[in-house]
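Undergrad: Here it is, the structure, as structure tokens.
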Amino acid sequence: MLWVGDSVAAQLAKPLTAAAKASELPFKSIAAAGGGNVSGREKLTQSTFQRLNKALDSYSPDVVTYQVSTYDWGTEKEQRAAYEKLLKTVADSGAKLAIVTMPPIKPDDFYKDHMDELERTTRLVKEVAAGSDGKAVVFDSAQVWGEEFQKERNGELYRKSDGIHTCPQGAAQFTDWLMEKLAKHFGGFTPAKPASWANAGWSGDSKFEGCQTKA
995 MLWVGDSVAA QLAKPLTAAA KASELPFKSI AAAGGGNVSG REKLTQSTFQ
1045 RLNKALDSYS PDVVTYQVST YDWGTEKEQR AAYEKLLKTV ADSGAKLAIV
1095 TMPPIKPDDF YKDHMDELER TTRLVKEVAA GSDGKAVVFD SAQVWGEEFQ
1145 KERNGELYRK SDGIHTCPQG AAQFTDWLME KLAKHFGGFT PAKPASWANA
1195 GWSGDSKFEG CQTKA
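As numbered in the working numbering, residues 995 to 1209 make up the sequence shown, in order.
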């Protein structure tokens, strides 16, 4: 599996790498901080597609999983075209596409003028997948994160105070959920139990700085 997305996806790549290894699932991440988006600023989207094409050629994944980026800005027409380009790029390589909706955010001044754009991404990716003739599927991560930003869920810290990024407990729950979704939809592997990868050291990565363990 090839994992694509922004800095949030780069965080989630840590437990996903551990879970994939425990599940004997080949896994590679090209998620990137400060980019990783397919719609929006041209400089960033060009970089994303360049890295994607390179990885498709060298890694030849069966499945590409893209997490919608908090930078996927643009008009509705531009966003739809970007997701259609992503689908075509992946499908032309012979791989299937899974799109994961972005975790809801608590917008700061940087994001506040783009919330209408981000809020329609879930609808757009579902519409693109619906017209893909089975080449794409959407997994709605609201099942993990909720419909609105929540720093804590079930008494555990799921998200950082910045309103954007994740904490280890939330990342672990997401990973368990996504592995099950991928296995059920695509087959080919059996997800390892979380106990085999949850304490593999990834939670100490610097990407999770700012998360405090509840007493």
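All residues carry an ideal CB built from backbone N, CA and C; glycine is no exception.
1. Under the assumption that Pro1098 contacts Thr1160 (Cβ atoms under 8 Å), give the Cβ distance between them as a whole number of angstroms.
2. From Ala1209 to Tyr1077, what does the alpha carbon distance come to, in whole angstroms?
3. Just to confirm before moving on: does the CB-CB distance between Val1062 and Ile1024 stay below 8 Å?
4. Taking a contact to mean a Cβ-Cβ separation below 8 Å, would you say Ala1016 touches Trp1171 in this structure?
5. Report the start-end ranges of each beta strand (DSSP E) in the region 997 to 1062 that is 3 residues or longer and not cut off at the edges.
6. Specify the secondary structure class of Arg1114 as computed by DSSP and reduced to three states.
7. On the DSSP letters alone, give me the boundaries of the alpha helix (DSSP H) that Lys1082 sits inside.
8. Roughly how many angstroms lie between the CA atoms of Asp1102 and Val1119, to the nearest whole one?
9. When you compare the region 1080 to 1091 with the region 1055 to 1069, are there three or more beta-carbon pairs, one atom per stretch, that lie closer than 8 Å?
10. Start and end of the alpha helix (DSSP H) containing Lys1145?
11. Return the first residue and the last residue of the beta strand (DSSP E) that Phe1180 is part of.
12. Is Lys1201 helix, strand or coil when you go by DSSP?
13. Classify Ala1192 as helix, strand or coil using the three-state DSSP reduction.
TA: Let me spell this out:
1. Here residue 1098 corresponds to residue number 104 of the sequence shown, with the count starting at 1. Here residue 1160 corresponds to residue number 166 of the sequence shown, with the count starting at 1. Cβ-Cβ separation between Pro1098 and Thr1160: approximately 12 Å, too far for a contact (criterion under 8 Å).
2. On the sequence shown, position 215 is the one that residue 1209 refers to. On the sequence shown, position 83 is the one that residue 1077 refers to. In this prediction, Ala1209 has a pLDDT of 38, which is less than 50 and means its spatial position is unreliable; nothing more can be read from the coordinates.
3. Here residue 1062 refers to the residue found at position 68 when the sequence shown is read from its first residue. Here residue 1024 refers to the residue found at position 30 when the sequence shown is read from its first residue. Taking the C-beta atoms as reference points, Ile1024 is found no nearer than 8 Å to Val1062.
4. Position 22 of the sequence shown, counted from the start, is the residue given in the question as residue 1016. Position 177 of the sequence shown, counted from the start, is the residue given in the question as residue 1171. Against a cut-off of 8 Å, the Cβ pair of Trp1171 and Ala1016 comes out as no contact.
5. The qualifying runs are 1057 to 1061.
6. As a first step, residue 1114 is located in the sequence shown; it is residue number 120 there, counting from the start. Three-state result, Arg1114: coil.
7. Locating residue 1082 in the sequence shown gives position 88, counting from the first residue. Glu1070 to Asp1086 is the extent of the alpha helix (DSSP H) around Lys1082.
8. Locating residue 1102 in the sequence shown gives position 108, counting from the first residue. Locating residue 1119 in the sequence shown gives position 125, counting from the first residue. When rounded, the distance between both Cα atoms is 24 Å.
9. Yes, the region 1080 to 1091 touches the region 1055 to 1069.
10. Looking up residue 1145 in the sequence shown gives position 151. Counting along the chain, no alpha helix (DSSP H) covers Lys1145, and no H or E run does either.
11. Numbered from 1 along the sequence shown, position 186 holds the residue referred to as residue 1180. Run containing Phe1180: none in the beta strand (DSSP E); it sits in the alpha helix (DSSP H), Pro1162 to Phe1180.
12. As a first step, residue 1201 is located in the sequence shown; it is residue number 207 there, counting from the start. When secondary structure is reduced to three states using DSSP, Lys1201 falls in the helix class.
13. Numbered from its first residue, the sequence shown carries residue 1192 at position 198. It is coil, neither helix nor strand.
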